[in-house]
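Engineer: In my numbering, the protein residues as written are 744 to 1479. Cβ atoms here follow ideal geometry from the backbone N, Cα and C, with glycine treated the same way. Got a structure for you, questions after.
This is the structure in structure tokens:
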């Protein structure tokens, strides 16, 4: 995992620059207004600080589309260049107008970083540590603020502090970030797959995972190209398929199916546990249709996965040492499809290539049945042994290899052949994608409903019970299916990706559901009071007597304010470190439900402190403790989790667009809260402001409890499928 960790750390340097800039402008504006005589013009003073917010908001409107077009890495490179240019211009800045232009450029860089870094880390990190790595931006942002406060505090002690130097130093760390983005950061493998650049994606994954065998995850990334689609929840008892079972015609046994994985090696025999409907199954497993009807069925469904995760091992322990073969054209076929778009350009519409060995696309053979096979014989039955669609001894990725076969979090990827009667009475066949998750202890030998025909009785623990998300493969072509072909109608990944994100995808039930969660979290985070508490912290600590103590030490009021802010920021870092540890253990939802009550209590104490006179020393002490607790618990939960969730819950094809919508919500909320705070302080007072923030935190806790699912340890593509199922379940529950 070291490759993914280092890449995440390098990407999070962009947030360090953001934190650095936020702290620097807060300090330097004290000196800017003196030089440009802005004491009588607070509007311009406020505009200097706010210009970066305006720039971030403007660039966010198109950041997602740019990232989906150019890629994640080029956008991060652009952000580093914008940081550097803004630092140079601020160092020069002969007048206010040039300074405003520099702040606008700086805002562009900040907007790109805030939007893209969580997305980039989510797309490169393994599911098991994705939450921890995506907490890094919060840590580096706070670290950047602390370093900046230390720097400007030191400068403030000099005879003539230079605000140009304070702001211009940003260009030095931005050069480091530029070098990292250009020479160290790889492109997101999910974005590469979405553009059909399979060879590059495989090499990046091998570097990130530190192993050669990444076939399972490569297949998963291809499946992540889909948006929407019919998804059902099923349950199987699964056992190994030996040679006798392979030779046996499973079509004669209607209740048994054969599952295939993305590697050469094994296949499995499976039998559905029950014929219950999807609603019945999900209700039984996750209590999705609760009596009150308030809790989102999606929350219960996600919760059931974590409740049923076995404590010892996963499915790979016995049945999946490496996956079986899947989706390769038969061994007698001389020409095999290549995934990469280069082969598409070479061979035209056939998507074929003669080069199937050596390093040609690293022998990445297509998981697709050739387009020509969409016009198979009308009497086509299940794929016969040795036929074009035979799965035995063929591989998605050439070569053996017994590396990790899972796709993360105890999940496995497989496919099954499915057929139905067409309108003309003939059979129509195709593949179904299955995400498998072990439900509990292995099924007993006596209770197993799977038997290997003609074989000896299996030993105890040879069969397992697994939950399954079953849906159409991502490369299933609706256009071809509308023509009622016989056989699987699938297309090349680059052909699927060529369409790019379309606005209609945002109205898929699962995507709409995810947008409600993402946008809701961003709104509630901004109105939960962090800006107000930050604004009031120096005043609270001043009341506590810290300012008097520092002035007695010969430190000016401006320097004392910077030192106080720096110490406050320093207190955040251990809390964020704890959050990084817990994010993938306790989970995102659990952290929110645990930390938000502390925020509420802190705000209530601040309200009481402003209304009840307990003596200046007592009031200041209680308020100081409340502020410190608020900061520490905010950065453990409500600080990082909204961005982490927004980077996890959207499909690959529209992820950039959806995250841009969430980021735009973040910046608009930031602007509203920042500019409404002085007005609210005058109208309702400090107690009223903190009371309103407390009410928002209560609403946020209820929203999290009812609407926000637990996504820890789950592959992004599986999370997306769950949202699709959950949205349909919510609609069904509402109709009932």
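What do you reckon, are the CB atoms on residue 1002 and residue 1157 nearer than 7 Å?
Structural biologist: Here residue 1002 refers to the residue found at position 259 when the chain shown is read from its first residue. Here residue 1157 refers to the residue found at position 414 when the chain shown is read from its first residue. Taking 7 Å as the Cβ cut-off, residue 1002 and residue 1157 qualify as a contacting pair.
Engineer: Out of 946, 1459, 1465 and 1179, state which residue places its alpha-carbon closest to the alpha-carbon of residue 866.
Structural biologist: Numbered from its first residue, the chain shown carries residue 866 at position 123. Cα-wise, what sits closest to residue 866 is 1459.
Engineer: Spell out the partners DSSP gives residue 1000 in its beta bridges.
Structural biologist: Within the chain shown, the letter at position 257 stands for residue 1000. In DSSP, residue 1000 forms a bridge with 1013.
Engineer: Using CA atoms only, rank isn't needed, just tell me which of 952, 834 and 1256 is closest to residue 911.
Structural biologist: To locate residue 911, count along the chain shown from 1; it is residue 168. Selected option, being the one with the closest Cα: 834.
Engineer: Residue 1179 by DSSP, collapsed to three states: which one?
Structural biologist: On the chain shown, position 436 is the one that residue 1179 refers to. Three-state DSSP puts residue 1179 in a strand.
Engineer: Can you tell me where the beta strand (DSSP E) with residue 982 in it begins and where it stops?
Structural biologist: One-based indexing of the chain shown puts residue 982 at position 239. Element bounds for residue 982: 974-983.
Engineer: By Cβ distance below 8 Å, which residues in the same chain neighbour residue 768 in space, the five residues on each side in sequence not counted?
Structural biologist: Indexing the chain shown from 1 puts residue 768 at position 25. Excluding sequence neighbours, residue 768 sits near 791, 792, 795, 846 and 910.
Engineer: Where does the unbroken alpha helix (DSSP H) through residue 1304 begin, and where does it stop?
Structural biologist: Position 561 of the chain shown holds residue 1304. Note, residue 1304: alpha helix (DSSP H), 1300-1325.
Engineer: For residue 1209, list the residues DSSP reports as bridge partners.
Structural biologist: On the chain shown, position 466 is the one that residue 1209 refers to. DSSP, once it has assigned bridges, lists 979 and 1181 as partnering residue 1209.
Engineer: Specify whether the segment 1360-1374 and the segment 1321-1331 touch according to this definition: at least 3 beta carbon pairs, one from each stretch, less than 8 Å apart.
Structural biologist: No, because fewer than three Cβ pairs between the segment 1360-1374 and the segment 1321-1331 fall closer than 8 Å, the two stretches do not touch.
Engineer: Cutting at 7 Å between CB atoms, please list the residues of its own chain near residue 1277, excluding the five before and the five after it.
Structural biologist: Here residue 1277 corresponds to residue number 534 of the chain shown, with the count starting at 1. Result list for residue 1277: empty, nothing under 7 Å.
Engineer: Go through its chain and collect everything with a Cβ distance to residue 848's Cβ below 8 Å, but skip five positions before and after it.
Structural biologist: On the chain shown, residue 848 is found 105 positions in, with the first residue counted as 1. Once the five neighbours on either side are set aside, the close Cβ partners of residue 848 are 798, 825, 828, 829 and 832.
Engineer: I'd like to know if the segment 1247-1259 and the segment 1401-1420 are in contact, where contact means that at least 3 CB-CB pairs between them fall below 8 Å.
Structural biologist: Output reads yes: the segment 1401-1420 touches the segment 1247-1259.
Engineer: Is it the case that the segment 1411-1418 contacts the segment 1374-1384, given that we only count it when at least three CB pairs across the two stretches are under 8 Å?
Structural biologist: The segment 1374-1384 vs the segment 1411-1418: no contact.
Engineer: Do residue 807 and residue 1400 count as a contact pair if the criterion is CB distance below 7 Å?
Structural biologist: Start at 1 with the first residue of the chain shown, and residue 1400 comes out as number 657. Start at 1 with the first residue of the chain shown, and residue 807 comes out as number 64. Taking 7 Å as the Cβ cut-off, residue 1400 and residue 807 qualify as a contacting pair.
Engineer: I believe residue 1454 touches residue 1391 by the beta-carbon criterion, under 8 Å. Please report the beta-carbon distance rounded to the nearest angstrom.
Structural biologist: The residue you call residue 1454 lines up with position 711 of the chain shown. The residue you call residue 1391 lines up with position 648 of the chain shown. Yes, they are in contact, since the Cβ atoms of residue 1454 and residue 1391 sit about 5 Å apart, within 8 Å.
Engineer: May I ask which residues mark the beginning and end of the alpha helix (DSSP H) holding residue 1434?
Structural biologist: Position 691 of the chain shown, counted from the first residue, corresponds to residue 1434. Counting along the chain, the alpha helix (DSSP H) containing residue 1434 begins and ends at 1395-1450.
Engineer: Express the C-alpha separation of residue 957 and residue 945 in angstroms, rounding to a whole number.
Structural biologist: Position 202 of the chain shown, counted from the start, is the residue given in the question as residue 945. Position 214 of the chain shown, counted from the start, is the residue given in the question as residue 957. Residue 945 and residue 957: Cα-Cα distance of roughly 7 Å.
Engineer: State the DSSP-derived secondary structure class of residue 1374, mapped to helix, strand or coil.
Structural biologist: Counting from one through the chain shown, the residue named residue 1374 turns up at place 631. Residue 1374 falls in the helix class under three-state DSSP.
Engineer: Which same chain residues, not among the five before or five after residue 775, have their C-beta less than 6 Å away from its C-beta?
Structural biologist: Sequence index remark: in the chain shown, residue 775 carries index 32 (1-based). Once the five neighbours on either side are set aside, the close Cβ partners of residue 775 are 906.
Engineer: How many Å lie between residue 1124 and residue 1213 at the Cα?
Structural biologist: Against the chain shown, residue 1124 aligns to sequence position 381. Against the chain shown, residue 1213 aligns to sequence position 470. The predicted model places residue 1124 with a pLDDT of 41, which falls under 50 and marks its position as unreliable; any figure quoted below should be read in that light. Rounded to the nearest angstrom, the two C-alpha atoms are 21 Å apart.
Engineer: Identify the continuous alpha helix (DSSP H) that holds residue 950 and give its terminal residues.
Structural biologist: Against the chain shown, residue 950 aligns to sequence position 207. That run of the alpha helix (DSSP H) goes 941-952.
Engineer: Can you tell which of 959, 1396, 925 and 1375 has the C-alpha that lies nearest to the C-alpha of residue 1150?
Structural biologist: As a working note, residue 1150 is residue 407 in the chain shown. For the residues 959, 1396, 925 and 1375, the minimum Cα distance to residue 1150 belongs to 959.
Engineer: Please name the residue, chosen from 1298, 1456 and 963, that lies closest to residue 1045 on a Cα-to-Cα basis.
Structural biologist: In the chain shown, residue 1045 corresponds to position 302, counting from 1. For residue 1045, the nearest C-alpha among the options comes from 1456.
Engineer: Could you check if residue 1439 is buried or exposed, using at least 16 other CB atoms within 10 Å of its CB as the buried criterion?
Structural biologist: Here residue 1439 corresponds to residue number 696 of the chain shown, with the count starting at 1. When all chains shown are included, residue 1439 counts as buried.
Engineer: With respect to the alpha helix (DSSP H) encompassing residue 1384, which residues constitute its N-terminal and C-terminal limits?
Structural biologist: Taking the first residue of the chain shown as position 1, residue 1384 is located at position 641. Element bounds for residue 1384: 1384-1389.
Engineer: Let me know the secondary structure DSSP gives residue 881 once reduced to three states.
Structural biologist: Position 138 of the chain shown holds residue 881. Three-state DSSP puts residue 881 in a helix.
Engineer: When the Cβ atoms of the segment 934-942 are set against those of the segment 976-983, are three or more pairs found closer than 8 Å?
Structural biologist: Short answer: they don't touch.
Engineer: Under 8 Å by Cβ, that's how I've got residue 968 and residue 760 pegged, so tell me the actual separation to the nearest angstrom.
Structural biologist: Sequence index remark: in the chain shown, residue 968 carries index 225 (1-based). Sequence index remark: in the chain shown, residue 760 carries index 17 (1-based). Residue 968 to residue 760, Cβ: 33 Å. No contact.
Engineer: Which word fits residue 762, buried or exposed, when buried means at least 16 other C-beta atoms lie within 10 angstroms of its C-beta?
Structural biologist: The residue you call residue 762 lines up with position 19 of the chain shown. So residue 762 ends up on the buried side.
Engineer: Relative to the C-alpha of residue 800, which residue among 850, 789, 787 and 772 is closest?
Structural biologist: For the purposes of this step, residue 800 is taken as the residue at position 57 of the chain shown. It is 850 whose Cα lies nearest to the Cα of residue 800.
Engineer: According to DSSP, simplified to helix, strand and coil, what is residue 1480?
Structural biologist: The requested residue 1480 does not occur in the structure, where the chain is confined to residues 744 to 1479.
Engineer: Thinking C-beta only, is residue 773 closer than 7 Å to residue 1301?
Structural biologist: Looking up residue 1301 in the chain shown gives position 558. Looking up residue 773 in the chain shown gives position 30. Yes.
Engineer: Can you give the beta carbon distance from residue 1322 to residue 1378, rounded, assuming they're within the 8 Å contact cut?
Structural biologist: Within the chain shown, residue 1322 is the residue found at index 579, counting from 1. Within the chain shown, residue 1378 is the residue found at index 635, counting from 1. Residue 1322 to residue 1378, Cβ: 7 Å. Contact.
Engineer: DSSP three-state label for residue 868, please.
Structural biologist: Residue 868 sits at position 125 when you count from the first residue of the chain shown. Coil, per DSSP.
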